[in-house]
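Below is one structure, written out as structure tokens; comments come after it.
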Amino acid sequence: MRASSYFAPTLREVPAEAEIPSHKLLLRAGYLRKLGAGVYTYLPLAWKVIRKMEQVLREEQELINCAEMRMPTLVPKELMEETGRWGLDVVYKLQDRRKADFALGFTHEEVITDLARQELRSWRDLPVMLYQVQTKFRDEPRPRGGVIRTREFLMFDAYSFDRDVDAMDTSYKAQRTAYERFFQRIGLRYLIVDADGGAIGDLDNQEFMSLADAGEDTVLSCDSCSYAANAEKCPVNPPATSETATSVSLEEVHTPNARTIDEVAAFLGTASSMFIKTLIYSADGKPVVVLVRGDHTVNDVKLARLVGAAELELAPEAMVVAVTGAPVGFAGPVGLTGVPIYADHAVTVLQSAVTGANKADFHITGVAAGRDFTWTVAADIRVAEDGDSCPMCTSGTMRTTRGIEIGHIFKLGDKYSKAMQLDVTGDDGKLQAIQMGCYGIGMSRSLAAIVEASHDKDGIIWPISVAPFEVSIVVAARQDDAQYAAADAIYKSMKAAGLDVYFDDRDERAGVKFKDADLMGCPIRVVVGKGLATGVVEVKQRGTDVVETVALADIIQRVTVLKQQLLTALNPATHHV
RNA sequence: CGGGGCGUAGCGCAGUUGGUAGCGCGCGACAUUUGGGAUGUUGAGGUCGCAUGUUCGAAUCAUGUCGCCCCGACCA
């Protein structure tokens, strides 16, 4: 491709809307433009990267016998109602001229399951794995981070259909391997973490996380074993030792205007870890009391699963007053009756704690768990934190980092097949529900994740497997006939040699072209300039400062070898994450 | 949806006590330059997000509204 007739509008200044590196660079380097909040146009460069990612994905899916297909974007309301998802807030809805309702596909379990139940008859038809790469629509409450979370985005989604749980496990593992190879080949380092399945279910599911400061998720990983989990999933070990019982007695203390843990802790001069944080939740409209240590945070996901509530949120003020008899900020477990009390393990060993007195402007000190209050259920309901002991190997320590969720694989079991009567005749002649799995990769998000992980102050540094161009040629002085002729000849022969090459033949000053080349981020740069007088050109790898001088006659050969080396470095057989 | 911030030229921004708009970059032309975002001369480009109101007069004040960004909620 010749720059003189290409469309890659670069910006010298960073648009005010961008904050994270990938967003800034993708805008500046001419990959993306915003149309509205969470709605982006992928300019030629970005689209080319996406297409290259897709190609790698296709090769890997082919290896596990997963076939590409394409489902509609318009999904009839009736189908969505079968699984109860028509009413979800994230669904974009529209009507046709006959007033028929449709959803814009935000995922395709319903469509694929409908197809499968019409076509799959016998266990002999299984297994089947299918995938597509398609635009998804979700009415996100808050799009953010450029292309990290958008309302319209490109996603790979695959679905597996198996006769039983063992076969489903096999499909799940095959996809996991395909994912590992895919991410390695596109040069994106990742961590596989245990995750919460959200509304889709609570069977085995794992997320592929690209570690980045701009990530939306908190990831905990063990510094000793290989265990890692999303913070919303990560189990917390119960306290190893219980505190020795003390004979401190209860004392009511006046704490005027001190409502938060920090305020009361400062007022009393007591550490927040000695507090019992008492929160009133509304679980499907009914009050529930939750106790965690003052320095801990309630894990809403764990709590919702424990309580078994569909809707769980902090109770409105009126409910708090009704339950505790005090305004918000003075709740405590002592003397609370008639409401289920869920206590985190860490709370059940406290022996001289501070908590609210269920009375305005008063707290109680010297509170002993078991002696002064009891609980309905003691469980793990707090968010895991940096420094916690590992729930798997118990000898390691968990450390936190931020991560971008680039892939998620799920075992669905029979959740959708039962809801939608997807069954086949088994080898015993009886109908049985199919075991499903579903697998997703955020393509546009992965694009951003690569940039987050691979850039410097000058621009993007693409892994060669997905770079928009493998090589970029810069003619230092376009108006020098000899230079231009040489560069043009190199360009043509590189194309003939099968290299994906970008030729910056614009009549710009050399500096401008160098800056743009760095921004764009192609892995190999060839400069045709002064050296031409002695028959040489320069070769430089993006991200390094080593400049190689290569004889004109050897340039194709040299660049081809370099390309091969860079590709080999990304090969799953040799590339260890 | 709650909290905070911002809407003025393609991009980044300024605009005083209310008097009908400016700077830098970018863009066009010309000249001089030419290996890391050149310099000079000159030129084009704006219903100041939108609406209503106050006023002789509104980018500026008031009310409303729309949009965008960040934090939180939310995120199959």
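The first sequence stops at residue 569 when you use our numbering, and every number in between is there. Glycine residues also receive a C-beta, built at the ideal position from the N, C-alpha and C atoms.
Check                                                                                                                                                                                                           : Outcome
Just list the alpha helix (DSSP H) runs in the stretch 21 to 72, keeping only unbroken ones of 4 residues or longer that don't cross its boundaries, in chain order.                                            : 36 to 55
Starting from T340, trace the alpha helix (DSSP H) in both directions and tell me its first and last residue.                                                                                                   : From DSSP, T340 is part of no alpha helix (DSSP H); its letter is neither H nor E.
Taking DSSP's pairing of strands, which residues face T417 in a bridge?                                                                                                                                         : S114 and L423
Could you spell out the range, first to last residue, of the alpha helix (DSSP H) harbouring G503?                                                                                                              : A502 to M512
Label P7 either buried or exposed according to how many other C-beta atoms from any shown protein chain fall within 10 Å of its C-beta, with 16 as the threshold for buried.                                    : exposed
What are the boundary residues of the beta strand (DSSP E) that V359 is part of?                                                                                                                                : F354 to V359
To which residues does DSSP link Q167 through a beta bridge?                                                                                                                                                    : DSSP output for Q167 lists no bridge partner at all.
Buried or exposed: G330, going by 16 or more other Cβ atoms within 10 Å of its Cβ?                                                                                                                              : exposed
In three-state DSSP terms, what is F(-1)?                                                                                                                                                                       : coil
Exposed or buried, what is R77 when buried is set at 16 or more other beta-carbons lying within 10 Å of its beta-carbon?                                                                                        : buried
Using the Cα positions of Q152 and L17, report the straight-line distance between them to the nearest angstrom.                                                                                                 : Sequence check: residue 152 is Ser here, not Gln. Rounded to whole angstroms, S152 to L17 spans 37 Å at the Cα level.
From the DSSP output, in three-state form, read off H246 for me.                                                                                                                                                : strand
So, for V293: in the same chain, excluding its five sequence neighbours on each side, which residues have a beta-carbon less than 6 Å away from its beta-carbon?                                                : D188 and E224
Keeping to the same chain, check which residues put their C-beta closer than 8 Å to that of L71; ignore five residues upstream and five downstream.                                                             : E102, V103 and D106
Taking 8 Å as the limit between beta carbons, can you name the residues of its chain near L123, skipping five residues before and five after?                                                                   : Position check: residue 123 holds Tyr in this sequence, whereas Leu was assumed. Here the set comprises Q53, C58, A59, E60, M61, F148, D149, A150, Y151 and Y431.
Tell me, which residues are paired with P279 by DSSP?                                                                                                                                                           : S274
Looking at K403 and N222, is the spacing between their C-beta atoms short of 8 Å?                                                                                                                               : no
Please tell me whether E243 and I356 are closer than 8 Å, where the distance is taken between their beta carbons.                                                                                               : yes
According to DSSP, simplified to helix, strand and coil, what is D161?                                                                                                                                          : helix
Answer yes if the stretch 193 to 209 comes into contact with the stretch 135 to 148, meaning at least three C-beta pairs across the two stretches below 8 Å, and no otherwise.                                  : yes
Got a sec? Which residues, its chain only, sit under 7 Å from P319 by beta carbon, not counting five neighbours each side?                                                                                      : V313 and A352
Rounded to whole angstroms, what's the CA-CA distance from R168 to E51? Just pull it up for me.                                                                                                                 : 15 Å
Per DSSP, which residues does G451 bridge with? Please list them.                                                                                                                                               : D448
What's the C-alpha gap between V67 and S436?                                                                                                                                                                    : 22 Å
Please report how far the alpha carbon of R391 lies from the alpha carbon of E462, in whole angstroms.                                                                                                          : 37 Å
Assign P13 to buried or exposed, taking buried as 16 or more other Cβ atoms, counted over all protein chains shown, within 10 Å of its Cβ.                                                                      : buried
Taking the CB atoms as reference points, tell me whether D497 and A(-5) lie closer together than 8 Å.                                                                                                           : yes
Which residue's Cα is closest to the Cα of S163: N229, W115 and G429?                                                                                                                                           : G429
Buried or exposed for L27, please, with buried defined as at least 16 other CB atoms from any protein chain shown within 10 angstroms of its CB.                                                                : exposed
When we look at the beta-carbon of T560 and count the other beta-carbons within 10 Å, is it buried (16 or more) or exposed?                                                                                     : exposed
Expressed to the nearest angstrom, what Euclidean distance is found between the alpha-carbon atoms of I465 and I442?                                                                                            : 23 Å
At what residues does the alpha helix (DSSP H) containing R550 begin and finish?                                                                                                                                : I547 to A561
What residue range is occupied by the uninterrupted beta strand (DSSP E) comprising T541?                                                                                                                       : V539 to A543
Using 8 Å as the cut-off, can you tell me whether the stretch 410 to 427 makes contact with the stretch 239 to 253, which would need three or more C-beta pairs spanning the two stretches below that distance? : no
Under a Cβ-count criterion, where at least 16 other Cβ atoms within 10 Å of its own Cβ denotes burial, should H568 be classed as buried or exposed?                                                             : With a pLDDT of 45 at H568, under the threshold of 50, the modelled position of that residue is not reliable, and the figure given next carries that caveat. Exposed.
Find out if the Cβ-Cβ distance for the pair V529, I547 is shorter than 8 Å.                                                                                                                                     : yes
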